[in-house]
Amino acid sequence: MMNRRDFCKKTMIVAGGLVIPLAALEVFNPKRLLAEKSGSDDKSNVRWVFLVDIHKCVGCGFCVKACKVENEVPYDANVTRTWVERYVVTKDGQTAIDSPRGAKDGFTTQKIDQGHLGDKEIDPASIAKAFFVPKLCNQCDNPACVQVCPVGATYQTGDGIVLVDRSWCIGCGYCVMGCPYGVRFFHPVYHVAEKCNFCYHRITKGMKPACVDACPFGARKIGNIRDPEDPVSRIITSEQVNVLKEEFGTKPQVFYLGLSREVK
Amino acid sequence: MVHGEAWTIKELFVYPNEYIYWSIQIVMYPFMTGLVAGAFVLSSLYHVFGVKQLKEIARFSLVFSLALLPVAMLPLLLHLQQPQRGIYVMMTPHFTSAIAAFGIVFTTYGMIVISEIWFVYRRFIVETVLELRSKQRRGNVESAQFFLYSLLAMGAMDLSPEAIHKDERAVGILAGIGIPVACFLHGYAGFIFGSVKANALWMTPLMPVIFICSAVVSGVALCIVTYIIAMEIRKQISAWKRKNDPRLPSNEELRSAEIQTVTLTSKYLLMFMVLAITLELLDLIFRNYTAVKSWDILRSVIYEKDFFKIFVLQYGFGNVLPFIIFLLPGLTIRRALVGSLLVLMGVFMMRWNVVIGGQAFSASFSGFMEYRLPIWPNSLETLKEGLFGALAVIITPFVLFFLVTRVLPVFGVKDTH
Chain A
1 MMNRRDFCKK TMIVAGGLVI PLAALEVFNP KRLLAEKSGS DDKSNVRWVF LVDIHKCVGC
61 GFCVKACKVE NEVPYDANVT RTWVERYVVT KDGQTAIDSP RGAKDGFTTQ KIDQGHLGDK
121 EIDPASIAKA FFVPKLCNQC DNPACVQVCP VGATYQTGDG IVLVDRSWCI GCGYCVMGCP
181 YGVRFFHPVY HVAEKCNFCY HRITKGMKPA CVDACPFGAR KIGNIRDPED PVSRIITSEQ
241 VNVLKEEFGT KPQVFYLGLS REVK
Chain B
265 MVHGEAWTIK ELFVYPNEYI YWSIQIVMYP FMTGLVAGAF VLSSLYHVFG VKQLKEIARF
325 SLVFSLALLP VAMLPLLLHL QQPQRGIYVM MTPHFTSAIA AFGIVFTTYG MIVISEIWFV
385 YRRFIVETVL ELRSKQRRGN VESAQFFLYS LLAMGAMDLS PEAIHKDERA VGILAGIGIP
445 VACFLHGYAG FIFGSVKANA LWMTPLMPVI FICSAVVSGV ALCIVTYIIA MEIRKQISAW
505 KRKNDPRLPS NEELRSAEIQ TVTLTSKYLL MFMVLAITLE LLDLIFRNYT AVKSWDILRS
565 VIYEKDFFKI FVLQYGFGNV LPFIIFLLPG LTIRRALVGS LLVLMGVFMM RWNVVIGGQA
625 FSASFSGFME YRLPIWPNSL ETLKEGLFGA LAVIITPFVL FFLVTRVLPV FGVKDTH
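The listed protein sequences correspond, in order, to chains A and B. Counting from 1, one number per residue, gives the positions in the first sequence under our numbering. Counting from 265, one number per residue, gives the positions in the second sequence under our numbering.
Listed below in structure tokens is the structure:
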């Protein structure tokens, strides 16, 4: 038979024992945390989007160079937040693609870089079409990388940008695997996940991303899709734009003008 | 150098940031958790389903699954870029991620295994305590043993038939709960891969099921191998001891018990192997038949680049050959050993072909990546994620098993159950 004192004691122990593990399970919600800190939330009237005009890109690589310098990604490291791809389609329907070192120094030769197979020469007379495609993070509306992060170190802000908390990333690489666009990598210095964030430190202060400022031809533009008067959002809503790899359901927010079906 | 650059060779067009980020340790992770889950399922066959002939190997595989348990976590820690932050997975789990459940599933499973072992060994522990207590004089070692076993007994010294019966029921219940949890522990490792929509090879709902089946196969095979080796050592020791004490079991007696256990266990091995291969082939045939966008690049990886690894090593030497070895009449210990070792190799190759094979092609579907396992380390990275890191992960469970069996012997114990 249990007396009252024992009963009270045991109840306390059980309740205490239950509370401790439950307290540890409180779900970490980075979005809420950020909202509490900065006051921004889902209802914010800014949603950053990007517009790339493929017709205007010449493959100079100034954007890549500017990005690396601005965001302190070591210049000689073979990773980059943004890069430019070259597509050469020959008359027989073959497509050759390359992006030597992300094209940080542009495309200095007509030969196509084939990795360890060396360079491939293409007869200029056989070329049907050729173009350049700049790539960067799509700041997806349904980001796979945010979904798979086991610790919530990567999160989406109210204005749509996916960020990484360098002090919390454990470096498991799940987000790198989860991104269909290959925009994520491990930072060679900090050894945590790294990605393009549209230069969040600049755009939130009214400046433009480094790559947009560096592009001499206006091939890269940033805008706010929630502002109907924004020139970029006017193009996106009124012209024939396309996005990359829609089939993954990530709802990418980088729009392309003149996107060809060969683009991977 | 960028992480992954040291062992990745790119061919044709690969996105600039793509490397083989998940390397050998991520091959080891499902392989080791598979062994844990498989060993536990084998021990449960006896404890839950009452397959009496497996009594000997049941206790053995239970203790072995305890020794393997910490090793399921080791490859993950060796793989993390920030291993000191690994604990964050438990502190701030982000539950939309498959990895976030790891801490919870893993600790649940660990607690089940440890408590089951405690109930199985309680009688042995108490008897040891009583025996040591009755001694007039205890040496240093015996005092330490007395202290350790008293601690392990946790004050539960009752050896009455009712208490023993309670122990038995507890073992049955824990083993029963343990089976789904073990399957979950491993099936969820399959889910980690199967749910990556960005990876054409990994993304299939069959992945968790395939992982569970091959886990049981590998766990059983490892138990057979370790059991045979342990029995060989035991025979050597008993032959040496029999010189002084002829009452001990002779080598012939030991051998006949051994071959019986091994034959029966190998039947379960084959059963799960048929299941695993069926599912794997179903997956392959389905991909072949539906031939969606990614099939072009997958075909060149499966049938060309990785042909030797998939069809020769995994299916040929890892599945077909052991099948023949086990099914031919008159199974001998030596043949069972060879067969089980081949099965283990086959399952390892399966993990390899999934993890590394899934990164053998670019997400652009226009290029390939080749993995070169770092042999001689020239940096911390190539040490951790190279041959030596993998070897450390393989050796650790055997060292732990040796240490655990110093305290909780697996042979010749009158256990509770």
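Built from N, CA and C at the ideal position, the CB exists for glycine as well. This one's a predicted model, so the numbers in the text were calculated from it and none came from an experiment.
Should P180(A) be flagged as near chain B, meaning a C-beta pair shorter than 8 Å? Yes, P180(A) lies at the interface with chain B (some Cβ there is under 8 Å from its Cβ).
Nonlocal neighbours in the same chain, by C-beta distance under 7 Å from P347(B), ignoring five residues either side: Same-chain partners within the cutoff: L341.
Got a sec? Which residues, its chain only, sit under 6 Å from W616(B) by beta carbon, not counting five neighbours each side? Here the set comprises V291.
Could you check the C-alpha separation between S482(B) and N583(B) for me, to the nearest Å? Spanning the two alpha carbons is a distance of roughly 11 Å.
Thinking C265(A) and A153(A) are a contact (beta carbons under 8 Å), I'd like their distance in whole angstroms, please. With chain A covering 1 to 264 only, the question about residue 265(A) has no answer from this structure.
Put R387(B) into one of helix, strand or coil per three-state DSSP. DSSP places R387(B) in helix when its eight states are reduced to three.
Are the beta-carbon atoms of A210(A) and C196(A) separated by less than 8 Å? With respect to the 8 Å criterion, A210(A) and C196(A) are not classified as neighbours on the basis of their beta carbons.
Leaving out five residues before and five after I222(A) in sequence, what residues of the same chain have Cβ atoms less than 7 Å from its Cβ? If we look at I222(A) and ignore the five residues flanking it on each side, its Cβ neighbours are W48, F50, F198, I203, K208, P209, V212, V232.
Can you tell me where the alpha helix (DSSP H) with W616(B) in it begins and where it stops? DSSP places W616(B) in the uninterrupted alpha helix (DSSP H) bounded by 597 to 619.
Name, going along the chain, the residues of the region 118 to 149 of chain A whose beta-carbon falls closer than 7 Å to a beta-carbon of chain B. Result list: A144, Q147, V148, C149.
Assuming the contact rule is C-beta atoms closer than 8 Å, L117(A) and L276(B) should be a hit. Round their C-beta distance to whole Å, please. Going by Cβ atoms, the distance from L117(A) to L276(B) rounds to 7 Å, so yes, they are a contact pair.
Step through the CB atoms of chain A and report whether any lies within less than 8 Å of the CB of G350(B). Yes, contact with chain A.
Looking only at its own chain, which residues have a Cβ that is under 6 Å from the Cβ of A77(A), when we skip the five neighbours before and after it? The residues are P188.
Please list, in chain order, the chain B residues whose beta carbon lies closer than 8 Å to that of T80(A). Simply P280, N281.
Judging by CA-CA distance, which residue of E522(B), G621(B), S308(B) is the nearest neighbour of E568(B)? Measuring from the Cα of E568(B), the nearest candidate turns out to be G621(B).
If you measure from the beta carbon of S325(B) to each beta carbon in chain A, is any gap under 8 Å? Closer than 8 Å: no.
Quick one: what does DSSP say P134(A) is sitting in, helix, strand or coil? Correct three-state label for P134(A): strand.
As an exercise, report each continuous alpha helix (DSSP H) stretch of at least 4 residues that is fully enclosed by the region 617 to 681 of chain B, in chain order. The alpha helix (DSSP H) runs lying completely inside the region 617 to 681 of chain B and spanning 4 residues or more are 644 to 648, 651 to 671, given in chain order.
Could you tell me the boundaries of the beta strand (DSSP E) in which D159(A) lies? DSSP places D159(A) in no beta strand (DSSP E); its state is neither H nor E.
6 Å Cβ shell around A214(A) - same chain, five flanking residues per side excluded: Answer for A214(A): F62, C63, A66, listed in chain order.
Examine chain B for any beta-carbon lying closer than 8 Å to the beta-carbon of R184(A), and answer yes or no. So, interface residue.
Could you tell me the boundaries of the alpha helix (DSSP H) in which F410(B) lies? First-last of the alpha helix (DSSP H) with F410(B): 404 to 417.
Check R86(A) in the structure and name its three-state DSSP category. Residue state, collapsed to three classes: strand.
Taking the continuous alpha helix (DSSP H) assigned at R323(B), which residues delimit it? Here the alpha helix (DSSP H) through R323(B) covers 319 to 343.
If you draw a straight line from the C-alpha of D679(B) to the C-alpha of G374(B), how long is it? Note that D679(B) scores 49 on pLDDT, short of 50, meaning its location in the model is unreliable; the coordinates nonetheless yield the value given after this. Their backbone Cα atoms lie some 21 Å apart in a straight line.
Exposed unless 16 or more other CB atoms sit within 10 angstroms - verdict on Q682(B): Limits of chain B in this structure are 265 at one end and 681 at the other, which puts residue 682(B) out of reach.
Beta-carbon spacing of F665(B), A364(B) below 8 Å: No.
Using 8 Å as the limit for Cβ to Cβ distance, is K399(B) near chain A? So, not an interface residue.
Identity of the residues DSSP links to Y256(A) by a beta bridge: In the DSSP secondary-structure assignment, Y256(A) is bridged to V52(A), N242(A).
Simplified DSSP assignment, three categories, for L276(B): Strand.
Option in F575(B), T490(B), L545(B), L309(B) with minimal Cα separation from L438(B): Comparing Cα-Cα distances from L438(B) to each of F575(B), T490(B), L545(B), L309(B), the minimum goes to L309(B).
Is DSSP giving T95(A) helix, strand or coil here? Looking at T95(A) - three-state DSSP - the assignment turns out to be strand.
Would you identify the three-state DSSP class for K505(B), choosing helix, strand or coil? K505(B): helix per DSSP, three-state reduction.
Within 8 Å of any Cβ in chain B, is that where the Cβ of Q114(A) sits? Yes, Q114(A) counts as interfacial toward chain B.
Among residues of its own chain, excluding the 5 on either side of L412(B), which ones have a beta-carbon nearer than 8 Å to its beta-carbon? Residues V671 of the same chain have their beta carbon placed closer than 8 Å to that of L412(B), with the five preceding and five following residues left out of the count.
If contact means a Cβ-Cβ distance below 8 Å, which residues of the region 163 to 179 of chain A contact chain B? Under the 8 Å Cβ criterion, the region 163 to 179 of chain A contributes W168, C169, I170, G171, C172, G173, Y174, V176, M177, G178, C179.
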